[in-house]
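Chains as they are written, first to last, in UniProt numbering: chain D, 1 to 206; chain A, 1 to 206.
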């Protein structure tokens, strides 16, 4: 019943499974627009501007930071990454829901810059499971894993600032819950325009 | 992930289809407890105490009003009707969701007495459709219908005090939306107990 799209911010500690859940959600709901990031890093082979990333020059990126044109941004090593506000807003205005899959720090910035978003915190089933997942990636040393887990504990403290928390015990369960959250958010009374629904017409009988 | 049940208050103007939607919801979700009303009217043939109603003596009912034992109550002609707080609370504590299907005045009282409920306003697709539905019942005179429609317009103004509004264009659509709202409500961060989810365990690796 609502006309404007929702900005769904999917965040949570690293290892919670944000990427997998987001991908599965988009497969089931292709009408949702994935928020494309801007970056100053070089395109890799096969990456397409406007699909994988908006590849942006450093000076342009910095100009957009200055003009508050990012919902969030970060510098990772030598490269900037950010969520262009214009792209998100344009989609929302066209009635399209946008999903932004992002780390906890990024989500914090979006809360400040776009508090009307729907903030979903994805929880791994337990720290044990989280450590298993990080282990399985096999890309990190034991020390890095310990740091990641310690920071995950800290990040879980952030959950209270979100609207929803979804347990990622199974990807399909998490996807079902996020779909339900989207439906429910669209039923919130502040998102419904009764005038458009025709209730202000004259009484149909005399 | 939450342990306590939800109190779902389904309300809306007369003719919105509350009864039909509630029945269809309970058929799909038999784990939800229908809130049983107390009444001082005589049982009709086949009505069972504790199933259709809690049949209550006038003096007991009035005592319970005095001791604030109703989430809402009303006197209709010579009979009292009310929602016993104890029955609802007991079910919620046992983790069972309770649905209360009630008119707009009743819902207003529940908002005061149990603001932590989930208040859903059921909207008929339009006033035209609402008048058709009331017509089809065939039980009301034209004057009564006009009064009902006028009061429906007033009742729709109450929508802003609810958490959600659900358009009852088709019963199955309305039921799907209410089911989604229930799922989403249980994902709200204030309803999730992380400690119980095991995140406060020690880090599993050394």
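Here a beta-carbon is modelled for each residue, glycine too, at the ideal position from N, C-alpha and C. The structure presented is a predicted model; accordingly, all values stated were derived computationally and were not measured.
query, result
"Report the residue from 15(A), 27(A) and 11(A) whose alpha carbon sits nearest the alpha carbon of residue 172(A).", "27(A)"
"Considering only DSSP beta bridges, list what residue 114(A) is partnered with.", "Paired residue(s): none; residue 114(A) is not in a bridge."
"Whose C-alpha, out of 165(D), 21(D), 100(D) and 180(D), is nearest the C-alpha of residue 189(A)?", "165(D)"
"Mind listing which residues of the segment 177 to 190 of chain D have their C-beta closer than 7 Å to chain A's C-betas, in chain order?", "177, 180, 181, 183, 184, 187, 188 and 189"
"Check whether the Cβ of residue 4(A) lies closer than 8 Å to any Cβ atom in chain D.", "no"
"What is the DSSP secondary structure of residue 79(A), reduced to helix, strand or coil?", "strand"
"Considering just the uninterrupted stretch of the alpha helix (DSSP H) at residue 183(D), what are its terminal residues?", "171 to 187"
"Kindly indicate the opening and closing residues of the beta strand (DSSP E) around residue 35(D).", "That residue, residue 35(D), is in no beta strand (DSSP E); it is neither H nor E in DSSP."
"Residue 99(A) lies in the alpha helix (DSSP H); which residues open and close that run?", "Segment 98 to 101 is the beta strand (DSSP E) holding residue 99(A); no alpha helix (DSSP H) there."
"Measuring straight from C-alpha to C-alpha, what distance separates residue 11(A) and residue 56(A)?", "24 Å"
"Does DSSP put residue 155(A) in a helix, in a strand, or in coil?", "helix"
"Rounded C-beta distance between residue 53(D) and residue 38(D)? I'm assuming under 8 Å.", "7 Å"
"Beta-carbon within less than 6 Å of residue 9(D)'s beta-carbon, same chain only, minus the 5 sequence neighbours each way: which residues are those?", "100, 107, 110, 117 and 119"
"How would you list, in chain order, the residues of chain D whose beta-carbon sits under 7 Å from the beta-carbon of residue 75(A)?", "In chain order: nothing, as chain D lies at least about 29 Å away."
"According to the Cβ coordinates, are residue 168(D) and residue 21(D) closer than 8 Å?", "yes"
"Is residue 205(D) helix, strand or coil by DSSP?", "Here the model assigns residue 205(D) a pLDDT of 38, short of 50, so the residue's position is not dependable, and the following value carries that caveat. Residue 205(D): coil per DSSP, three-state reduction."
"Please list, in chain order, all residues of the same chain as residue 114(D) whose beta carbon is under 7 Å from its beta carbon, the five residues on each side excluded.", "7 and 71"
"Exposed or buried, which one is residue 200(D) when buried takes at least 16 other CB atoms within 10 Å?", "Note that residue 200(D) scores 47 on pLDDT, short of 50, meaning its location in the model is unreliable; the coordinates nonetheless yield the value given after this. Exposed is the call here."
"Residue 130(A) and residue 15(A) look like a contact to me (Cβ under 8 Å); what is the Cβ gap, rounded to whole Å?", "5 Å"
"Identify the contact partners of residue 121(A) in chain D, using a Cβ-Cβ distance below 8 Å as the criterion.", "189"
"How far does the alpha helix (DSSP H) with residue 21(D) in it extend, from its first residue to its last?", "18 to 28"
"Please list the partners that residue 160(D) has in chain A, where partner means a Cβ-to-Cβ separation under 7 Å.", "189"
"By the DSSP assignment, the alpha helix (DSSP H) with residue 9(D) in it spans what residues?", "From DSSP, residue 9(D) is part of no alpha helix (DSSP H) but of the beta strand (DSSP E) over 7 to 11."
"Let me confirm a value: residue 33(D) is counted as buried when at least 16 other C-beta atoms fall within 10 Å, else exposed. Which label applies?", "buried"
"Determine, for residue 163(A), whether the minimum Cβ-Cβ distance to residues of chain D falls below 8 Å.", "yes"
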